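The structure under discussion appears below in the form of structure tokens.
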Amino acid sequence: MEQATAGRFDLLELDLEPACWRIFTGTANTVVTLKPDLLVVTANTTTETHSFVEVDRGTEHLPAVLRKCRIYQRYADTGTEQANRGLFPAVVWIVPDAVRAAKIRAAIAADKALRADLFWTVTPEQALHHLAPYGASTT
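Structure below.
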């Protein structure tokens with residue numbers, strides 16, 4: 005928010021939970037709730053960046069992270085978000101450090117059921133570059 009207020013980019017949307025949660029129908033007509041920590045949309049004069057954000061404190065076991073990734077992918081496969089906003093937001097995992105980031109990236113890459121390009125895993129220092137990847141403001 006500081007960077008947006010400083011004019012680096014526009015903050016078009018910031019939905020916290022539960023406003024950013026998505027409910028969809030899963031297999032066997034089960035109701036599934038996807039629970040991102042937030043949804044953020046940033047923009048400059050030429051580009052918008054849409055992201056579901058997961059804040060990982062390093063306490064979840066990797067199988068739990070992968071289960072959540074599979075829910076994101078199942079939701080993406082419904083096409084609902086794409087119909088509503090014209091695209092599916094990137095899923096950005098913000099993790100405590102580079103070691104945790106490498107473990108999550110490797111686990112996602114090793115899971116043949118997941119489309120790795122849907123997910124970004126970054127440290128807090130890298131987060132702004134992925135959530136608002138714009139150059140310096142020209143205004």
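First residue of the sequence shown? That's 5 in the numbering used here, and the numbers climb one at a time after it. Virtual Cβ for every residue (Gly too), placed ideally from N, Cα, C. From a predicted model like this one, the values you see are computed outputs, not experimental measurements.
Checklist entry - Closest by CA to Ala131, which one among Ala110, Ala114, Pro100? => result For the purposes of this step, residue 131 is taken as residue 127 along the sequence shown, with counting starting at 1. Ala131 has its Cα closest to that of Pro100, out of Ala110, Ala114, Pro100.
Checklist entry - Could you check where the beta strand (DSSP E) with His65 kicks off and where it finishes? => result As a working mapping, residue 65 is identified with position 61 in the sequence shown. His65 -> no beta strand (DSSP E), and no H or E assigned at all.
Next on the checklist: At the level of alpha carbons, what is the spacing between Arg71 and Pro93?
Outcome noted: Mapped onto the sequence shown, residue 71 falls at position 67. Mapped onto the sequence shown, residue 93 falls at position 89. Rounded to the nearest angstrom, the two C-alpha atoms are 18 Å apart.
Item to check | Segment contact flag, the region 104-116 with the region 85-92, C-beta cutoff 8 Å, min 3 pairs | outcome: no
Next on the checklist: I'd like the span of the beta strand (DSSP E) that includes Glu52, first residue to last.
Outcome noted: Indexing the sequence shown from 1 puts residue 52 at position 48. Segment 52-59, the beta strand (DSSP E) holding Glu52.
Item to check | Through-space distance from Glu52 to Leu18, alpha-carbon basis | outcome: Along the sequence shown, read from residue 1 onward, the residue named residue 18 stands at position 14. Along the sequence shown, read from residue 1 onward, the residue named residue 52 stands at position 48. Leu18 and Glu52: Cα-Cα distance of roughly 13 Å.
Item to check | Sequence-distant residues of its chain with Cβ nearer than 7 Å to Pro3 (five each side left out) | outcome: No information on residue 3 is available, as it lies outside the stretch 5 to 143 that the chain covers here.
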